[in-house]
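Each residue of the sequence shown is one higher than the one before, counting from 0 in numbering that gives the first Met the number 0. Reviewing the structure listed below.
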Amino acid sequence: MNKVLAVGQYSDIDVAALTDEFGARPLDDLSQIADLSPALRAEVTAIAYKGHHPLNGAVMDLLPGLKLIANFGVGYDAINVTDASARGITVTNTPNVLNDDVADLAVAMLIMEARKLTASENWMRDGKWPAGGAYPLARKMSGRKVGVLGMGRIGREIADRLAAFKCEIHYQSRSRKDAPSGWTYHADPVELARAVDDLVIAVVGGPETEGFVSAAVIDALGPDGIIVNIARGSVVDEAAMLDALEQGRLRGAALDVFRAEPNVDPRFLTLPNATILPHVGSATVETRAAMGDLQRQNVRAHLAGQALVTPVN
Ligand code: NAP
Numbered sequence: 000m001n002k003v004l005a006v007g008q009y010s011d012i013d014v015a016a017l018t019d020e021f022g023a024r025p026l027d028d029l030s031q032i033a034d035l036s037p038a039l040r041a042e043v044t045a046i047a048y049k050g051h052h053p054l055n056g057a058v059m060d061l062l063p064g065l066k067l068i069a070n071f072g073v074g075y076d077a078i079n080v081t082d083a084s085a086r087g088i089t090v091t092n093t094p095n096v097l098n099d100d101v102a103d104l105a106v107a108m109l110i111m112e113a114r115k116l117t118a119s120e121n122w123m124r125d126g127k128w129p130a131g132g133a134y135p136l137a138r139k140m141s142g143r144k145v146g147v148l149g150m151g152r153i154g155r156e157i158a159d160r161l162a163a164f165k166c167e168i169h170y171q172s173r174s175r176k177d178a179p180s181g182w183t184y185h186a187d188p189v190e191l192a193r194a195v196d197d198l199v200i201a202v203v204g205g206p207e208t209e210g211f212v213s214a215a216v217i218d219a220l221g222p223d224g225i226i227v228n229i230a231r232g233s234v235v236d237e238a239a240m241l242d243a244l245e246q247g248r249l250r251g252a253a254l255d256v257f258r259a260e261p262n263v264d265p266r267f268l269t270l271p272n273a274t275i276l277p278h279v280g281s282a283t284v285e286t287r288a289a290m291g292d293l294q295r296q297n298v299r300a301h302l303a304g305q306a307l308v309t310p311v312n
């Protein structure tokens, strides 16, 4: 009897842990659920999900006994939580264990873009140093005014790191936070962008923040600004950002996430003023192990009839 489906591209370690402990049935993607017989689908009470494809009510209805969707990741915008709640299904995620890695990456990306680290390394690897002399000057990153859009768990870790780089911290969230003195709260993203040099996006994805970083926010940041996005591609008006980058109305962008990932808009691939990474925010051995562990804690609690560890609804 397979009460648990392990849906998604898991590492060998994670899939072994899910199958050994819970007898989980591994599936590569959500579309394979419909291929299971009605009898097998009726056994399932939990999905351990790892992926970004939409998991909505139509999928949930294939599994009449479903009670838990345990997401591998803190961002659960792919899961329709309203549909889940309406069906008595609890969604869990993996918060906090990835904060350090994602915040480290955000700061690293801001430095990479400001200091042109990828371009200067490529220039050296291409053998241009001996003939070309010194690499062109980049720009300073420490001491800039930086806006953090979304002062949640990861946003706070980013702001703490940037403060150590002598940056002046500004932020926008739905509510003012208990932040260190000197950090400035802004009520809306345009006001935030107008007040700062660079903008780091750490807000949730999904319909409520769709296009939050609009053309108006990009214009307010201006031609000296860098946008860092470690949140979700959906948060940014990507076409407006590409136009601004190409036309010099935005100095740079450092992006770990994209709207149509992994099929990134090809305009990004040739931009000299964009640092682009393939969604690697939490992609370390240590953090992925911790995320898998937390996901399994939730599945374990569900199967034992105990309180879930990190429910979101
Ligand atoms: P969090 O603690 O829940 O913080 C989310 C932030 O988004 C909070 O500041 C919150 O505002 C804001 N927010 C939530 N709903 C909103 C809405 N409807 N309108 C405006 N603002 C809203 O989440 P987290 O753990 O920091 O994670 C943040 C996001 O990072 C995740 O959702 C995920 O998409 C992304 N992420 C990316 C990677 C990666 O690999 N690149 C890895 C992990 C996470 P308040 O402060 O007012 O509540």
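Built from N, CA and C at the ideal position, the CB exists for glycine as well. Predicted model, so just to flag it, every value in this text is computed and none were measured.
In three-state DSSP terms, what is residue i?
i	result
ASN70	strand
GLN171	strand
ARG135	Checking the sequence, you will find Pro at residue 135 rather than Arg. Residue state, collapsed to three classes: coil.
GLY251	strand
VAL90	strand
ASN98	helix
THR18	helix
VAL212	strand
PRO310	strand
THR283	coil
HIS301	helix
VAL235	strand
VAL106	helix
ASP159	helix
ASP264	coil
PRO129	helix
LEU244	helix
ASP11	helix
Name the DSSP bridge partner or partners of residue i?
i	result
GLY50	DSSP lists no partner for GLY50.
ASP197	VAL145
ALA5	PRO25, ALA47
VAL227	VAL199, ALA253
THR269	Partner(s): none; THR269 has no beta bridge.
TYR184	TYR170
THR274	ALA253
ILE78	LEU54
Measuring CA to CA, which of the options is closest to residue i?
i	options	result
GLY151	SER119, ILE229, LEU29, GLN31	ILE229
GLY56	GLY251, TRP128, VAL73, LEU29	LEU29
ASP34	LEU4, ILE12, TYR9	LEU4
ARG24	LEU293, SER141, LYS2	LYS2
LEU249	LEU198, ALA288, ASP255, THR183	LEU198
GLN294	GLN8, ILE68, PRO63, ILE168	ILE68
ARG231	LEU191, VAL279, LYS144	VAL279
ARG160	ASP100, TYR134, ALA192	ASP100
PRO94	HIS301, VAL195, VAL6, GLY291	GLY291
GLY247	VAL263, PRO271, VAL234	PRO271
GLY154	MET111, PRO206, VAL227	VAL227
ARG173	PHE211, ALA107, LYS66	PHE211
PRO63	ARG258, SER119, LEU39, ALA16	LEU39
LEU254	ALA133, THR286, ILE200	ILE200
ARG86	LEU109, GLU112, VAL58	VAL58
GLY22	GLU42, PRO222, GLN8, GLN31	GLU42
ALA194	GLU207, LYS144, ILE225	LYS144
PHE257	SER233, VAL147, ILE12	SER233
ALA215	ASP196, GLU207, ASN262, GLU190	GLU190
ALA118	SER281, THR208, ALA273, PRO310	ALA273
LEU109	ASP196, LYS176, LEU307	ASP196
THR286	VAL73, PRO206, PRO53	VAL73
PRO179	ASP187, HIS169, PRO188	HIS169
ARG138	GLY224, ALA113, VAL308, LEU307	ALA113
ASP313	ALA219, ASP236, VAL284, TYR9	The question about residue 313 has no answer here: the residues shown for the chain are numbered 0 through 312.
HIS51	GLY181, ALA163, TYR9	TYR9
What whole-angstrom Cβ distance do residue i and residue j have, given they're in contact under 8 Å?
i	j	result
TYR327	ASN98	The structure shown does not extend to residue 327, since the chain is modelled only from 0 to 312, so the question has no answer here.
ALA252	LEU244	6 Å
MET240	ILE217	6 Å
VAL106	VAL90	VAL106 to VAL90, Cβ: 30 Å. No contact.
TYR48	VAL6	5 Å
HIS301	ALA83	About 13 Å; that fails the 8 Å criterion.
GLN171	GLY146	7 Å
SER141	LYS115	Actually they do not touch by this definition, with Cβ atoms about 15 Å apart.
ILE88	LEU61	With 8 Å as the limit, ILE88 and LEU61 do not qualify as a contact, their Cβ atoms being about 12 Å apart.
ASP192	ILE157	The question names Asp, but residue 192 is Ala in the sequence shown. Their Cβ separation, rounded to whole angstroms, is 16 Å, which puts ALA192 and ILE157 out of contact at 8 Å.
GLY149	VAL96	Not a contact, Cβ separation roughly 18 Å.
ILE78	LEU54	5 Å
Any chance the CB of residue i is under 7 Å from a heavy atom of ligand 2?
i	result
VAL73	Summarising the ligand content, the structure contains ligand 1 and does not contain ligand 2.
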